[in-house]
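When we follow UniProt numbering, the leftmost residue of the sequence shown carries the number 1, and every step to the right adds one. For every residue, glycine included, the Cβ atom is placed at its ideal position computed from N, Cα and C. Inspection log for the structure reproduced underneath, given as structure tokens.
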Amino acid sequence: MLIGIPAETMAGETRVAATPETVKKLKAQGHTVRIQAHAGVAASMPDAAYEAVGADITDAAAAWGCDMVLKVRAPQESEMALLRPGTVVVGMLNPFDGAGLQRMAQAGLTAFALEAAPRTSRAQSMDVLSSQANIAGYKAVMIAADKYQRIFPMLMTAAGTVKAARVVILGVGVAGLQAIATAKRLGAVIEASDVRPSVKEQVESLGAKFIDVPYETQEEKEAAEGVGGYARPMPQSWLDRQKAEVAKRVAAADIVITTALIPGRAAPVLVTEDMVKAMKPGSVIVDLAAAQGGNCPLTEANAVVVKHGVTLVGETNLPALVAADASALYARNVLDFLKLVLTKEATLQIDLQDDIVAACLVAHEGVVRRS
Ligand code: NAD
């Protein structure tokens, strides 16, 4: 099969959907690979490294004009004309963007949105949400440490003692767990909150304290358990109690990292303006939900702002700030997914009995598909 890797054109997108490592494997499987010149440069992967493993370095039109196109982001509107009907597109195509899916279906594309894969053991090696959230959680702590005017670990020196930083993590999915682990390695004292009860044990096993907000009704308990491992909106009664608990911890915190998301919806507000006002000057909030409206209403997407003496970081694409490793993991996710849709003879097969394939297929034969 002829596989193309165009350069990403979305502002700030530095990742690339295939690396020399994965291109080498695609070549070994009998595919021809075209990569747009400089597509990997922002991720520290020069054209020569792709050429060395047998890729053809091409212009944009040739990279888009393939049987299959591997992408990080969904094709931009301006790029749709470069795709011919029947092309298979694989990437983070945003399954909640109805208009985008419609555009791809109308263009006759067969589109696989990898974010839609179920969070099952079999899908783990192709789980792009996890691989990228892991990187985002790490980078959030790095940015917090950079903006914070004090240090993370406790220091006992001849010039006096410096207290360890107090870090509060709100939302403990993949990103939150990595943020805890990273902050712990830097010597911080950490507390964390999530709606899902299964998280408590994970938080404690990483050496952090869980902010417990017990469930008082069956409705609260069922909502907290969510669907497919994902959170659902919690009843107001629980949210009010969580808010009161979180407010106390946030007021005492030096760093707050928020990662709370509910798929397909605006992010829940967990840190209100009053809570920010109660924080110490010089504290830092890194809001990983900035692209979904933020877990703090004072966050500004793609900006670093100081409000009430607190620095708020609203970076919406943290993995792109760690482009080389984020691309390496993403490209391996893509390669693993391709095993499900490409035969040994290098042809496409769409097995809708396969739950991962069925979940990821969002456009096919002119129709938007949502499983
Ligand atoms: P996510 O990015 O969708 O959300 C981040 C976290 O925010 C979640 O833990 C969620 O519970 C939490 N949250 C939502 N509303 C909140 C609120 N009001 N207060 C506090 N926290 C709130 O999460 P994710 O990292 O994508 O993980 C989603 C699920 O998938 C989890 O259950 C995770 O364990 C599971 N998972 C499974 C696998 C696997 O089995 N292969 C792999 C990765 C993740």
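Asked	Found
Starting from the C-beta of residue 384, find all residues in its chain whose C-beta is less than 8 Å away, skip the five residues before and the five after it, and write them out in chain order.	The requested residue 384 is not part of the displayed model; the chain covers only 1 to 371.
What would DSSP say about residue 72, mapped onto helix, strand or coil?	strand
Using 10 angstroms around the beta-carbon of residue 207, count the other beta-carbons present and answer buried if the total reaches 16, otherwise exposed.	exposed
Quick check: is any heavy atom of the ligand NAD less than 7 Å from the C-beta of residue 170?	yes
Given the structure, does residue 127 come close to the ligand NAD, in the sense that its CB is under 7 Å from one of the ligand's heavy atoms?	yes
Counting Cβ pairs, one atom from each stretch, are 3 or more of them under 8 Å apart for the segment 309-326 and the segment 43-56?	yes
In three-state DSSP terms, what is residue 287?	strand
What do you reckon, are the CB atoms on residue 331 and residue 29 nearer than 8 Å?	no
Just tell me which of 80, 213, 314 has its CA closest to the CA of residue 63.	80
Take the Cβ of residue 283 as the centre, count every other Cβ of all protein chains shown within 10 Å, and call the residue buried at 16 or more, exposed below.	buried
For residue 275, does the count of other Cβ atoms within 10 angstroms reach 16, so buried, or fall short, so exposed?	buried
Assign residue 230 to one of three DSSP states: helix, strand, or coil.	strand
Could you tell me the boundaries of the alpha helix (DSSP H) in which residue 36 lies?	Element bounds for residue 36: not the alpha helix (DSSP H) but the beta strand (DSSP E), 32-36.
Hey, is residue 418 close to the ligand NAD, as in C-beta under 7 Å from one of its heavy atoms?	The structure shown does not extend to residue 418, since the chain spans only 1 to 371, so no value can be given for it.
Closest by CA to residue 113, which one among 237, 128, 124, 121?	128
Just to confirm before moving on: does the CB-CB distance between residue 372 and residue 152 stay below 8 Å?	This structure leaves residue 372 out entirely; the chain is present only between 1 and 371.
With DSSP collapsed to three states, give me the class of residue 58.	strand
Helix, strand or coil: how does DSSP classify residue 361 here?	strand
How about residue 172 and residue 213: do their beta carbons lie closer than 8 Å?	no
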